[in-house]
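If you read the sequence shown in the working numbering, its first letter stands for residue 193, the second for the next number, and so on. Working notes, structure below.
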Amino acid sequence: MMWRVLVVTAFLAGFAAAQEAAPPPTGSPVSPAKRELVLQIIAIIEPAKLTGEIETALIADLERRYPQILAQVVPGLTRPEEESARSAHDRAVAESFQRVAKRFRTLYEERIQLAQILEEIYMPLYDKYYTDAELQDLLTFYRTPTGGKTLRVTTQLVQEAVDGSNARLMPQLLGIFQEVMEEEKAAWPKPEPPREQTPKDAPVEPPPPAAGAHS
């Protein structure tokens, strides 16, 4: 499902912090001929279908994270330890999620115009990196079954490749880093053990009597 991982992650990871939207790229206007080619490429992505897929993915991921999100939003909200109270709490959270999901769907469908967003993103990028002739070649390829599939799955394919690489590399990289830091730790001088000090309020022991002294 194209864009699913990137969109869901970006949406939920930034839930707690408000972010300013970046202004669209500016530059020389795209020629009408090139603009038409890019719009035809965007049409192959099927923005209307993609909008529904993103909405479904967002709601599913939101449902999974909702108890934690709600606990951050509502001060003092915690899951009770008593079983009877937990059941009532879980029902209230489930009902809250249904309200939030319904409201989210309504606002999402009203405010998210994915076709326009894709156009604003892709238009300057395709204009920057491709000539008209190259765009025509891309369009010819994307109109084939294999080309259309390539366009739809490339983002997911790249994301899964990155995830797989991280899963393979991160344990080794962490091991190397830990080994290097242990070597660095050994290179530093060891701190001297603290000296024993007599507490200021401890009574001072009198010196022993001299040999042969009588009381």
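All C-beta atoms, glycine included, are put in the ideal place defined by N, C-alpha and C.
With the cut-off set at 9 Å, would you say residue i and residue j are in Cβ contact?
| i | j | result |
| --- | --- | --- |
| I233 | L331 | yes |
| L327 | A293 | no |
Can you tell me which of the options puts its alpha carbon nearest to the alpha carbon of residue i?
| i | options | result |
| --- | --- | --- |
| K241 | E301, A293 and A263 | E301 |
| P224 | M315, A359, A379 and Q364 | M315 |
| Q308 | P363, I237, A359 and K377 | I237 |
| Y322 | K226, P221 and P239 | K226 |
| L299 | T342, V230 and E247 | E247 |
| L269 | A379, L327 and P259 | P259 |
Within the continuous alpha helix (DSSP H) that includes residue i, where are the two ends?
| i | result |
| --- | --- |
| G244 | P239 to V265 |
| R387 | Here R387 belongs to no alpha helix (DSSP H), and DSSP marks it neither H nor E. |
Evaluate residue i with the Cβ neighbour count: other Cβ atoms within 10 Å of its Cβ, from every protein chain shown; 16 or more gives buried, anything less gives exposed.
| i | result |
| --- | --- |
| D324 | exposed |
| L250 | buried |
| R344 | buried |
| D355 | exposed |
| V266 | exposed |
| V230 | buried |
Is there a C-beta anywhere in chain C that falls below 9 Å from the one on residue i?
| i | result |
| --- | --- |
| M373 | Looking at the structure shown, chain C is missing, and only one protein chain is on hand. |
Whole alpha helix (DSSP H) runs in the region 302–388 with 4 or more residues, listed along the chain? 306–321, 324–334 and 337–379
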